[in-house]
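Just so it is clear: in the sequence shown, position 185 is 543 by the numbering used here, and no numbers are missing. Since the structure comes first, as structure tokens, the remarks are kept for the end.
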Amino acid sequence: MSSTHAPRSQAGASGVAFLLHLERRLRLLQDTGEILSLSAQLLGQRLGAQQVACFDIDQALQCPTLQHAWSDGLAPGAAGEYFLGDYAAGLAEALGAGQALAVSDVTSDPRTAMPAALATFARLGIRAFLNIPIAKDGQLAALFVVHSRAVRLWHADEIELAVQVSERVWSTILRAQAEARLRALSASMETQVAERTREFGRTWNVSPDLLGVLNLDGYFEHSNPAWQATLGWSVEEIRTTRFLELVHPDDLPRTHAAWDAANQGQPALRFENRYRHKLGGWHWLSWVAVPEGEKVYCSARDITVEKKLEADLAARNSERERLWRSAQDLMVAIDAEGCFAAVNPASAAILGWLPEEMLGRSLFDFVLPEDAAATRLALLQVGKESMPSFENRYRHREGGHRWLSWVAAPEGDLVFATGRHVTVEKEAQDTLRSMQESLRHSEMALLQSQKLEALGKLTGGVAHDFNNVLQIISGNLQLLQLGLDDDPLAAKRIVSASAAVERGAKLSAQLLAFARRQPLKPLVTDLAQLLRATEELLRRATGETIETRLLLADDCWRALVDPHQLENVILNLAINARDAMDGQGQLTIELSNSVLGSDYAARHADVAPGDYVQLAVSDTGTGIPAELLDKIFEPFFTTKSEGEGTGLGLSMAYGFLRQSGGHLTVDSLPGHGSTFRIYLPRSLEAETELPLQLGGPVLGGKETILVVEDDVQVQTTVVDMLRGLGYVVLRASDGESALAIVGSGVPIDLLFTDVVMPGKVASTALARQARVLLPQLAVLFTSGYTQDAIMQGGRLEPGVELLSKPYRREDLARRIRHLLANGRHVTALHQYRAQLAPQAAPALPAGRHILLVEDNADARAMTGDLLAMLGHTVLAVGTAEEALLLLDTPGLELLLTDISLPQMSGAELAELVARDHPQLEVVFSTGHAPANSGVLDPQARFLVKPFTVEQLQQALLPSSR
């Protein structure tokens, strides 16, 4: 005999949720028949039974009467009286004792296998059943039954659920009856008072709900026995205790409000609060209170169990939510239309899509078209049964796809699925297959790579030791130079030795580049822009007889690379091409996008498949013999004549590109030229702005700074940092508050504001309006974004100062000191210019030819005007790099430079001038004290900002050297 197992009822949170749902539905019903019918229907559907019924037990269990029943439409059944005979007699004792009975097969269970009973069961189509007794006043009053037409093993949680339902149904019936009688009592006419009193008395005594009559003083004049059964307080204790004294302290405000409303004639419906039990602890009560005349008639139901069930359910839901949010696998719920009804946060990490971007959209918006048919078939299959495993590909937000391995199961109208990210495994399998197919190429590439790696380690070690030796030599040379008197011959020898140290340092740097040990500063770089910027330098390096062409694609990707080192590589390749063409020919530099597949990667051990930016340098020179192609990247290997090259150029390029995650190849045909192809991995990030690098000590000040930041923690941190530096700090949380402070007349030297601000006043509007009120106010923006209100096309608007988050205390201190010094300096320059403008400038005996380097545009313009008024000839630039190009200007006498400059500092510029143009005088213009400027030369001349005209004139006097 086979047994049929109906779907097992869900324990835990699902069962609790069903009971709560049943409770809410039953609360809305008053009629006993409706209560029984609804509960029978919901329980039958929940358990997957064929029939649920309630029998009234009038005299004896042998002749129950079927009053209310529900069936699935297939089970026979009719209301009426049934004779159960000996079967009922055998079960009467157990049912009378309140024991639930479960029979899995009436034909084999000895309690039911009697001919008379079996005939009744056969007529009703019953093969298995549950009997749940309902007692009233200690007697069996009703029998709740669940029928199954097939053999069925009843589980403990199903029996417990049926018992819970029967208890709630009977409790609801009693409550409904009690409420009906209470309403009838209130609504009856005066002539029916006696009858109403008798009915009320019976209801009053048997009701499980707490009934009472409150007077306006807050005392229960009457209370029913349920008070003592529920809370342990006797009628007398309830009568002599003000009800508010029993209420939980946390619930008193709400209870006071409800009581005041009741005194105003407003009833309270389903008002909940907690009452103290006589033995300790608290019970939740749900109240219905109706004021009438000088009394308030109350009915309260104990809902402590319901509250606990709700709390347990909330805790389970919270735990499930934590698992949902913290899971690394993608978890989704899909509705009948194939749309996402729920998506966990793992979607962002795996697919790049936020959950809210996927909700409501069809899963086929994300599945690759090649996998759509198989996915539809799997979705149809999982609608019928659980799916053990299925794999498909989903689109990633940033391009490409991700492999997901799914397990799924249906529940109700939804399909719940969990997808594990297996892209790495799939790619590993594909890579393994590709490597096996291209084993010969891989082995050859690996041998070459190992050879270069070994050479790299060797040269790296040599360069490391060589640098130590150079440091010793250089340090001693500098010490000797400090001790020199007037010995020109010794000075000349030291200069010569220092130049040799410089050449050695350059050689060491090339070795470190090949060994991939050099420090890099990678930035997200637009290579097309970089090539345009270096075009003129390339043309000068190759000469006029070489035709240089740039072929740059319009849509080239960005790459993460050290731009300065890449410029060196390109320049080195161009010079090699010039030498290979013997000064005559065509140099072509081409930039394009390239996608390297797994087949290509299998043939080149140092390449991973993916998107790359390709930079090709081609020449029409002599080419490279095939037998030398495997050696050209080795250090010190060169095809040039002795003394014409070090043999480190290509090895340095190779090491740098490997260190940058790139790749370098060469194609060459003797007699037709060579093409070197550089591959750099594509970067999806925004182009990096070159930061303003300020040096010098960390100094504070006494000025007043207004900090505008909406994040309280960030605001507190920056305020503490600035106060620690000695500044007076004001604070505001939005633009409107900041404008109010600025407009109050308080002296403010600098505004430090976040870019993204709440409220009506944006940060840019704040800065603009603040400068109207305080024209000399310095403004420093801060932001965690690369694109925002102060950016144009990925670059800062002219004149805007930005300190990107997160920033160090040192960077903040230096930037603020720099801005404040420049601000005071510009103000002083304006004043001196105004003083000098009406009268003839007192020129020096002979005007000087001066190169001015100042990154602040206002300070540069004002200083240039002052110098011109004083009779000098001025060349003014904003960076050290621009100044380097002007150092050979005929007649140039003096370099006047700021120390804190973008990229190369003024101190570094001065060192280059001292080395290559020793006749040129140098004066440092800085907001730092000379001792804290970072300039090591004890003979250095300084012009401290802000300076007067007299100080400027004094600094420009020819030196006595």
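The C-beta atom is built at its ideal place from N, Cα and C for all residues, glycine as well.
| Asked | Found |
| --- | --- |
| Inter-residue Cα distance where the pair is residue 837 and residue 847 | Note that residue 837 has pLDDT 43, beneath the 50 cutoff, so the model's placement of it is unreliable and the number below is only indicative. Each residue's Cα considered, the two are about 17 Å apart. |
| Outcome for residue 1112 when other beta-carbon atoms lying within 10 angstroms are tallied against a minimum of 16 | buried |
| C-alpha distance - residue 785 paired with residue 732, whole-angstrom precision | 20 Å |
| Cβ shell of residue 707 (< 8 Å), same chain only, five flanking positions each side left out | 686 |
| Touching by the beta-carbon criterion (3+ pairs, under 8 Å), the segment 495 to 511 and the segment 392 to 410 | yes |
| Same chain only: Cβ atoms within 6 Å of residue 773, ignoring 5 sequence neighbours per side | 692, 740, 766 |
| Whole-angstrom C-beta distance between residue 1040 and residue 970, which should lie under 8 Å | 6 Å |
| Same chain, Cβ closer than 7 Å to residue 717, five either side skipped, listed in chain order | 698, 701 |
| Given residue 1372 as reference, the closest of 942, 520, 374, 372 once Cα atoms are compared | Any question about residue 1372 goes unanswered here, given that the chain covers just 359 to 1319. |
| N-terminal and C-terminal residue of the beta strand (DSSP E) that residue 1063 is part of | 1062 to 1066 |
| Cutoff 7 Å; reference residue 580; Cβ partners in own chain excluding five residues on either side | 570, 571 |
| Status (buried if at least 16 other CB within 10 Å, exposed otherwise) for residue 877 | Interpretation of residue 877 is limited by its pLDDT of 48, a score under 50 that renders its predicted location unreliable; no figure is taken from the coordinates. |
| Within 8 Å, strictly: CB atoms of residue 1178 and residue 1219 | no |
| Residue 1312 - DSSP class collapsed to helix/strand/coil | helix |
| Residue 1317 classed as buried or exposed, judged by whether at least 16 other C-beta atoms fall within 10 angstroms | exposed |
| Cβ neighbour criterion (16 or more within 10 Å) applied to residue 1303 | buried |
| 7 Å CB neighbourhood of residue 981 in its chain, flanking five on each side removed | 1026, 1027, 1028, 1029, 1030, 1031, 1032 |
| For residue 833, three-class secondary structure by DSSP | A caution first: residue 833 carries a pLDDT of 42, below 50, which makes its placement in the model too unreliable to give a value. |
| For residue 649: DSSP bridge partner residues | 654 |
| Per-residue burial, residue 329 [other beta carbons within 10 Å of its own, 16 or more giving buried] | Only positions 359 to 1319 of the chain appear in this structure, which leaves residue 329 out of reach. |
| Contacting residues, own chain, Cβ-Cβ under 6 Å from residue 1020 (five flanking each side not counted) | 1037, 1038 |
| Expected contact under 8 Å - CB spacing of residue 397 and residue 523 to nearest Å | 6 Å |
| Cα-Cα separation between residue 494 and residue 583, rounded to whole angstroms | 17 Å |
| C-alpha gap between residue 704 and residue 609, whole angstroms | 41 Å |
| Check: residue 1160 C-beta below 7 Å from any heavy atom of the ligand NAD | The ligand NAD is absent from the structure shown, which contains no ligand whatsoever. |
| Closest by C-alpha distance to residue 378, when choosing among 667, 387, 457 | 667 |
| Length of the line joining the Cα atoms of residue 1252 and residue 888 | 31 Å |
| Alpha carbon of residue 673 to alpha carbon of residue 709, nearest angstrom | 30 Å |
| Closest residue to residue 577 among 565, 631, 656 (Cα-Cα distance) | 656 |
| Reference residue 1275, options 1241, 1294, 1308, closest by Cα | 1241 |
| Residues sharing a beta bridge with residue 659, DSSP | 644 |
| Reduced DSSP secondary structure (H/G/I, E/B, other) of residue 1035 | strand |
| Residues sharing a beta bridge with residue 946, DSSP | 907, 976 |
| Residue 761: first and last residue of the uninterrupted beta strand (DSSP E) it sits in | 759 to 769 |
| Nearest-angstrom beta carbon gap, residue 1230 and residue 1208 [assumed within contact, 8 Å] | 5 Å |
| Per-residue DSSP class, three states only, for residue 1335 | What is shown of the chain runs 359 to 1319, which leaves residue 1335 out entirely. |
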